[in-house]
């Protein structure tokens with residue numbers, strides 16, 4: 525069976541509206557996940573710059589953790605990624 529590979533894009537539009545390349549992504553050893561960094565990784569996966577598997581491996585994330593970031597952005601925008609508000613947003 526042949527596996528079809530999607531052509532890799534060179535850049536995507538980041539959460540702030542500017543072009544985002546692989547070089548612009550957070551470092552692989554990132555441990556402090558601020559809103560901007562989470563949003564950049566989600567934008568990279570959505571746009572095809574990274575696959576979900578690549579992002580999880582690169583940043584040592586679980587698929588669940590990434591999907592939670594994605595769902596928070598979809599439901600509440602960037603503010604949904606604030607860890608201090610996580611309980612507030614989960615209840616609504």
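Numbering (the working numbering), first residue to last: 525 to 616.
Just so it is clear, CB atoms sit at the ideal spot from N, CA and C, and this is done for glycine as well.
A quick note: this is a predicted structure, and the numbers were derived from the prediction, not measured.
Indicate whether residue i and residue j have their beta-carbon atoms separated by less than 7 Å.
i	j	result
residue 539	residue 563	yes
residue 561	residue 550	yes
residue 537	residue 566	no
How far does the alpha helix (DSSP H) with residue i in it extend, from its first residue to its last?
i	result
residue 597	587 to 600
Should residue i be counted as a contact of the ligand ATP given a C-beta to heavy atom distance under 6 Å?
i	result
residue 577	The ligand ATP is not part of this structure, which contains no ligands at all.
Tell me which same chain residues have a C-beta within less than 7 Å of the C-beta of residue i, skipping the five on either side of it?
i	result
residue 606	559
Measuring alpha carbon to alpha carbon, tell me which of the options ends up nearest residue i.
i	options	result
residue 552	591, 603, 579 and 593	579
residue 544	571, 554, 556 and 557	571
residue 555	595, 583, 534 and 592	583
residue 557	600, 595 and 585	585
Apart from the five residues on each side of it in sequence, which residues of its chain come closer than 8 Å, Cβ to Cβ, to residue i?
i	result
residue 590	565, 566, 569, 576, 579 and 580
I'd like the ranges of any alpha helix (DSSP H) spanning at least 4 consecutive residues and lying wholly in the stretch 553 to 579. 559 to 571
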